[in-house]
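In my numbering, the protein residues as written are 1 to 256.
The block underneath contains the structure these notes are about, expressed in structure tokens.
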Ligand SMILES: CC(C)(COP(=O)(O)OP(=O)(O)OC[C@H]1O[C@@H](n2cnc3c(N)ncnc32)[C@H](O)[C@@H]1OP(=O)(O)O)[C@@H](O)C(=O)NCCC(=O)NCCS
């Protein structure tokens, strides 16, 4: 964090695939996935991923999964120096992928989220790290969903927001809670309503025991210009968060 208490999120910082424990890198991808690149991305995946790709019923979901995993492997390759196809990924009991040669939340850690035409990748060191992105969309029974994911205090705060801002505020809460449960790794079974946020949404005020000390966590919203909301959650204090668009040069060097 800088001296004025804000995070550095400069997209113009040089692309360096080097991390220290107080830094998180966020990579944003947007736009429709390009089916022409499918074979190149598919070639980077391991057998399990290829089998999973083939099980998708809808082509657009298959293409998105393969593109996202392909990018994940390209980025991991840049951080580790390994060939994208050599990287061994395993998923824990609740599905969170990690590098296969190290224990959870140790060494290079990462998390991925995708929604509609956006994907986002976060990388850090030696921490619980989660990222979430959602496209804002109308939700029927919004108040019922708020009842399910919020504590009473959070709901009261949500109700105090003017009606025309409640949907946006709901998504701001939702992505932060999802980022926390993705950082911890247990997914929705962690109990999303038990992850309680401060009114300004800048920190958790109460978390399940398995998340460690609530006061250590960093929560950061990711703004998007096009109707999406995102957030990262990390179980430590951070000095810097760098955001970049996906490094297309990496794709050109490796695939084209
Ligand atoms: C993890 C979870 C919150 C993802 O929510 P989502 O908003 O639908 O999806 P997102 O796009 O944000 O994230 C998906 C990515 O998160 C990662 N992921 C998967 N499971 C994860 C987990 N438990 N924790 C953190 N990240 C996870 C994967 O990289 C996944 O991408 P992939 O599908 O391309 O592999 C949700 O799927 C969940 O709760 N899963 C747990 C399932 C579970 O409890 N299974 C029990 C098995 S016994």
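C-beta atoms are modelled at their ideal positions from N, C-alpha and C, and glycine is treated no differently.
Inter-residue CB distance, residue 94 and residue 185 (contact presumed, cutoff 8 Å): Their Cβ separation, rounded to whole angstroms, is 6 Å, which keeps residue 94 and residue 185 in contact under 8 Å.
Secondary structure of residue 23, DSSP reduced to three states: strand
Nearest neighbour of residue 65, chosen from 82, 23, 39 [CA to CA]: 39
Contact test: residue 86 Cβ vs ligand 1 heavy atom, cutoff 7 Å: A distance criterion of 7 Å places the beta-carbon of residue 86 beyond contact range of ligand 1, judged by its closest non-hydrogen atom.
Paired residues, beta bridge with residue 111 - DSSP: 122
Classification of residue 237 by the beta-carbon crowding that lies within 10 angstroms, buried from 16 upward: exposed
For residue 244, three-class secondary structure by DSSP: strand
Close beta carbons around residue 170, own chain, < 8 Å, minus the five adjacent residues each side: 139, 142, 145, 146, 158
Residue 136, DSSP secondary structure in three states: coil
Top-ranked residue by Cα proximity to residue 243, from 254, 230, 253, 252: Nearest Cα to residue 243 within the set 254, 230, 253, 252: 230.
Distance CB(residue 235)-CB(residue 175) smaller than 8 Å: no
Residue 232 classed as buried or exposed, judged by whether at least 16 other C-beta atoms fall within 10 angstroms: buried
Residue(s) in a DSSP beta bridge with residue 262: Because the chain in this structure spans residues 1 to 256, residue 262 falls outside the shown range and cannot be described.
Beta-carbon separation (whole angstroms), residue 111 vs residue 130, contact threshold 8 Å: The pair is a contact, with the Cβ atoms about 5 Å apart (cut-off 8 Å).
Beta-carbon gap between residue 219 and residue 204 smaller than 8 Å: yes
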